[in-house]
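In this note's numbering, the protein residues as written are 3 to 279.
Here's what the structure looks like:
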């Protein structure tokens with residue numbers, strides 16, 4: 003096995019723990035982010051929906067377009083405690099009777115001609131405000147004149163909050179992944195202790211002590227199966243070694259008698275003078 007093909011199981015397990023943690027935390031963060039975004043948008047929709055009903059009633063109470071225009075300050079006062087909410091009331095020709103805005107660059111006239119579903123909040127992007135939630139309704143005044151009441155709720159504060167929340171989620175995911183990786187390293191290192199024990203026990207087994215066996219009592223089942231397989235292999239090796247030793251002993255015994263006889267004859271011949279002559 004070459005050096006390039008080897009790897010650390012401990013490092014791989016640690017990397018796996020960290021990767022899984024990042025994926026899980028990212029999925030949870032995405033779910034929480036979407037949940038928060040949906041809830042904030044729902045609150046914006048509830049806010050402008052409630053204000054729309056209030057302004058429709060105020061327009062009906064005014065009675066006519068001229069009265070609505072004359073009572074513009076009344077509409078402005080209602081929205082003073084609602085920053086980020088913009089109001090526009092248009093007559094049938096699209097001319098603005100009332101426009102409430104805390105920015106001089108905002109003009110809601112471009113939204114007057116649009117015709118989405120009444121009383122249903124929708125995403126819009128008015129000039130000077132940016133991405134927002136809009137809602138409108140049409141009402142016929144007691145004078146018989148129709149008006150369109152439009153409310154816009156800026157999403158800037160919502161997006162700013164979500165941006166901070168998104169950064170916090172990624173930071174928490176990174177820290178969490180680092181902690182899980184550290185704990186995973188400790189757990190994996192402790193879990194690999196039986197593996198090292200197998201290595202130490204195996205290194206002590208040599209030809210002169212083939213009777214020794216691996217002992218993993220209390221260890222994991224997976225490693226116990228490996229230990230059983232290794233012990234069975236050692237049983238076969240020990241039996242083969244014993245068979246070989248018996249063969250060597252038997253062969254030595256069988257050869258010892260003829261050699262002894264030959265040696266005796268040689269000694270007799272050496273002692274016989276005639277054999278020397």
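Yeah, the Cβ is synthetic: ideal placement off N, Cα and C, and Gly gets one too.
Keep in mind that this is a model prediction, so the values were computed, not measured.
Closest residue to residue i among the options (Cα-Cα distance)
i	options	result
residue 133	124, 141, 94 and 81	124
residue 89	164, 81 and 161	81
residue 215	198, 196 and 235	235
residue 53	70, 245, 139 and 72	139
residue 198	24, 185, 217 and 87	217
residue 144	64, 14, 113 and 55	64
residue 91	76, 242 and 241	76
residue 57	87, 260, 166 and 44	87
residue 108	127, 37, 118 and 95	127
residue 118	137, 112, 111 and 110	137
residue 204	195, 167, 232 and 185	232
residue 14	186, 85 and 41	186
residue 120	243, 69, 164 and 141	141
Straight-line Cα distance separating residue j from residue i
i	j	result
residue 191	residue 230	23 Å
residue 131	residue 62	28 Å
residue 51	residue 193	59 Å
residue 239	residue 200	18 Å
residue 1	residue 135	Nothing in the structure corresponds to residue 1, since the chain is present only between 3 and 279.
residue 265	residue 248	25 Å
residue 196	residue 228	11 Å
residue 78	residue 170	37 Å
residue 5	residue 26	Low per-residue confidence applies at residue 5: pLDDT is 49, beneath 50, and the placement is therefore not dependable enough to give any value.
residue 189	residue 49	51 Å
residue 253	residue 241	18 Å
residue 174	residue 29	12 Å
Outcome for residue i when other beta-carbon atoms lying within 10 angstroms are tallied against a minimum of 16
i	result
residue 20	buried
residue 11	exposed
residue 33	exposed
residue 110	buried
* Stretch pair the segment 176-184 + the segment 148-167: three plus CB contacts closer than 8 Å -> Contact between the segment 176-184 and the segment 148-167 is absent: fewer than 3 CB-CB pairs across the two stretches fall below 8 Å.
* Does the segment 139-154 touch the segment 90-103, meaning 3 or more C-beta pairs lie closer than 8 Å? -> The answer is yes - the segment 139-154 touches the segment 90-103, with three or more Cβ pairs under 8 Å.
* Kindly provide the ranges of any alpha helix (DSSP H) runs that are 4 or more residues long and lie completely inside the segment 5-73, ordered along the chain. => Here the runs fully enclosed are 11-64 and 67-72.
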